[in-house]
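Protein chains in written order, with the working numbering: chain H, 2 to 194; chain Y, 95 to 285; chain C, 430 to 555.
Just so you know, even glycine gets a beta-carbon here, dropped at the ideal spot from N, CA and C.
Small disclaimer: the values here were computed from a predicted structure and weren't measured.
Notes to accompany the following structure.
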Amino acid sequence: MKWITCLATLLLAVPALGQNRGLPKGQITLPEFAQLADKASESVTVTLDPQLLGLACRFLDSSDPQQAEAQKLCTSLTGIYVRKYTFDTDYAYPKSDIDGVRKQLSGPGWSRLVEARSKKDQTDVDVYVLIDGGKARSLAIIASEPREFAIVNIVGSIDLEQLHALEGNFGVPELELETGKKPTAEKAPATKK
Amino acid sequence: MSVVNLQAAPDDSSSLLRLARDGNAAAFEALVRQHQASVFSIGYRMLGRRDAAEDLAQDVFLQLYRRLDSIETLQHLGFWLRRVAANLAIDWLRRPAPSATQALDTEAELAAPEVECDPLMTRALARLLGELAPAARAVMVLRYQEDLEVAEIATALDMPVNTVKSHIKRSLTALRGKMIGAQLVSSEELP
Amino acid sequence: MSQDIENELRRAMRAIDPPADFTARVMRNLPPRATVTAIAAARPAARPSLWTRLSAPVALAASLLVAIVLGQHMATQQAERQQLAGLEASRKLMQALRVTSQKLDLAYEAVQRPPPVAPPAEENRS
């Protein structure tokens, strides 16, 4: 009966081995952060799968300029996932959870577009895109500040200029897709980790 | 929902919140009364019109009614109301609707603040405030009307702290310049 | 920036009271939390002999009326729930996009900031 035990163990291990297997391409696994939500003074949790995202887009107000821009943007998206937690004290959140998410973004297809470290503000921001066929198919942002961290995952065909148009006031670094080169974004030495 | 005579509603604000969450209409009404001036004023200073401010305030309290279960403390309630009012006002200002106007009411029937002040200066400042962009105006209202700290404003408006500071600095500079230009003050009075 | 203009702003921005009937209007516009009360109103109660004589056809008519009202109410409630769900989803969508653009803004600011100037090796910082 030993071989049955071995087979059962192997079958049970398969889901763990292929952790992101069930998720669409470009969607990362976000930890639950259940304990963090209790500690946080404010939290933002957004989970919009394709169905909910479609519903959300239908209820946007096209007479509002920002919502009209959002409508254009979300027609090509299939999911938006955000976790943002704000705390009353510095570094009340575990780095290990964030590092776990970063590990997923070192997988095939993901490219780090921006790695920004600010010693002055103690802010780290990493922006990743999943490149497929020369186009950005998914976006991930990990931003950590002393009292806040945020993880954003947008799945679908990303038009970064449309995303930028939402605020209208900032520029997004150019993505040189053809050569795969990243712009030089590291202006301050990494001070953490 | 049980309806209770207003006189029976307790004075203890924490109890009011608890009772309102349990469906007590009088308790909810008391909470509205406690915060209506703040919410209405945010609406008025953002939108520049009494009727729009009333509509906005109505919307805010309706949203509060629907989300009472998520309000944990009185402090949270106050912050939540200010945040929702300011963000809703910004959203309304960005809509090209005819009712959202940048110009302030000129009618003088507003309840005058019970503080000695120069009414000309007050009106002029209010007018100049109305000329600021929505986000900057919201920052100034939350700072100088609601006395929120920079970090609180940043959280309320989903803005980086540095952006809040920039808005305050630029807006004060712009206001100062316009006040001098309008000859409300001399340049020596406001260094 | 001097304190004077800030004090003037605080004075100019004292809270203003809404109209006297504002609270009453808020309370009037609140959505009802109670369940359908038409059922209770239409349900035939124990009545004197007149009701005893007419109870069967009246009860039937009342039941039909209740079924129609209830059906309409449920359809309205479902539509309202769908609308609330849609509005909530769209609010979440805008919130998510706001957070996204805020964090992209952070990255841009960090990228645009000039690199810190390294101090000379011999400088003695206290």
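Where do the N-terminal and C-terminal ends of the beta strand (DSSP E) with Asn154(H) fall, by residue?
-> Residues 149-157.
Compare the Cα-Cα distances from Met234(Y) to each of Leu214(Y), Glu148(Y), Ala268(Y) and report the closest residue.
-> Distance from the Cα of Met234(Y) is smallest, within the candidate group Leu214(Y), Glu148(Y), Ala268(Y), for Ala268(Y).
Is Val528(C) close to chain H, meaning its C-beta is less than 8 Å from at least one C-beta of that chain?
-> Closer than 8 Å to the CB of Val528(C) there is at least one CB belonging to chain H.
Could you confirm whether any beta carbon from chain Y is found closer than 8 Å to the beta carbon of Gln512(C)?
-> Cβ-Cβ to chain Y under 8 Å: no for Gln512(C).
Tyr92(H) in three-state terms, based on DSSP | Tyr92(H) falls in the coil class under three-state DSSP.
Span separating the alpha-carbon of Leu348(Y) from that of Lys85(H) | Limits of chain Y in this structure are 95 at one end and 285 at the other, which puts residue 348(Y) out of reach.
Which residues bound the beta strand (DSSP E) around Ala137(H)?
-> For Ala137(H), the uninterrupted beta strand (DSSP E) segment begins and ends at 136-146.
Which two residues bound the contiguous alpha helix (DSSP H) that contains Lys40(H)?
-> Under the DSSP assignment, Lys40(H) falls in the alpha helix (DSSP H) whose first and last residues are 35-40.
Using a Cβ cut-off of 8 Å, pull out every chain Y residue sitting near Glu43(H), in sequence order please.
-> Here the neighbours are Thr249.
Examine chain C for any beta-carbon lying closer than 8 Å to the beta-carbon of Leu141(Y), and answer yes or no.
-> Cβ-Cβ to chain C under 8 Å: no for Leu141(Y).
Determine, using beta carbons only, whether Met430(C) comes closer than 8 Å to chain Y.
-> In this predicted model, Met430(C) has a pLDDT of only 46, less than 50, meaning its place in the structure is not dependable; the value taken from the coordinates is given anyway. With 8 Å as the cut-off, Met430(C) counts as an interface residue toward chain Y.
Whose C-beta lies closer than 7 Å to the C-beta of Leu78(H) among residues of the same chain, with five residues either side of it excluded?
-> Cβ contact annotation for Leu78(H) (same chain, cutoff 7 Å, sequence separation greater than five): Leu54, Ile155, Val156, Gly157, in chain order.
Which word fits Leu494(C), buried or exposed, when buried means at least 16 other C-beta atoms lie within 10 angstroms of its C-beta?
-> Exposed, by the Cβ-count rule.
For Gln28(H), decide whether its Cβ has a neighbour in chain Y, counting only Cβ atoms nearer than 8 Å.
-> By this cut-off, Gln28(H) is not an interface position.
Is Ile184(Y) helix, strand or coil by DSSP?
-> DSSP places Ile184(Y) in helix when its eight states are reduced to three.
Using a C-beta to C-beta distance shorter than 7 Å, which residues of chain Y count as neighbours of Asp65(H)?
-> Here the neighbours are Asp185, Arg188, Arg189.
Rounded to the nearest angstrom, how far is the Cβ of Ala117(H) from that of Val126(H), given a contact under 8 Å?
-> Indeed they touch by this definition, with Cβ atoms about 4 Å apart.
Select from the region 441-455 of chain C all residues with a C-beta closer than 9 Å to any C-beta belonging to chain D, and list them in chain order.
-> Among the protein chains in the structure shown, which are H, Y and C, there is no chain D.
Confirm, please, whether the CB-CB distance from Val128(H) to Leu533(C) is below 8 Å.
-> Yes, Cβ-Cβ distance for Leu533(C) and Val128(H) is below 8 Å.
Own chain residues within Cβ distance below 7 Å of Ala41(H), not counting five before or after = Within the same chain, Ala41(H) has close Cβ partners Tyr86, Thr87, Phe88.
Interface residues of chain C around Glu148(Y) at Cβ under 9 Å?
-> Pro447, Pro448, Phe451, Arg454, listed in chain order.
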